[in-house]
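Below is one structure, written out as structure tokens; comments come after it.
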Amino acid sequence: MSFISQLINWLEHHQRPCLYKKYLGIECPGCGLQTSFIELLKGNLSQSFRAYPALLPLIVLCIYGLIYVIFKFKKGDIILIIIAIFTGALMIGSYLTRLVFH
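So, in structure tokens, the structure goes:
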């Protein structure tokens, strides 16, 4: 069994429950993130997107943010802000969509 397979197996068996959903009865803005990450590790991009559409932009934001902190290139802060706004809008949009249609 490869390292990725072991990691996926461990993640599947150690997912944290959403306390927001448990106590309030509605999903939180982060619901689906764990499942989306596991599906991404499995290579199921469409399943990952369906579970949490903002995962890939969130990963891009984190990686770009780290690169920007290290190299501090010109106009990097503007690009970082644009990626953050896009990611935030996608998170809010998908959350509101789930609230309305589920």
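Residues in the sequence shown are numbered from 248 upward in steps of one, following the working numbering. Glycine is no exception: its CB is placed at the ideal position from the N, C-alpha and C atoms.
- For Q262, the three-state secondary structure derived from DSSP is coil.
- For Y311, the enclosing alpha helix (DSSP H) starts and ends at L302 to F318.
- With fewer than 16 other Cβ atoms inside 10 Å of its own Cβ, G272 counts as exposed.
- Secondary structure note for G323: its alpha helix (DSSP H) is the uninterrupted segment G323 to F348.
- Using a Cβ distance threshold of 8 Å, S341 and P304 do not count as a contacting pair.
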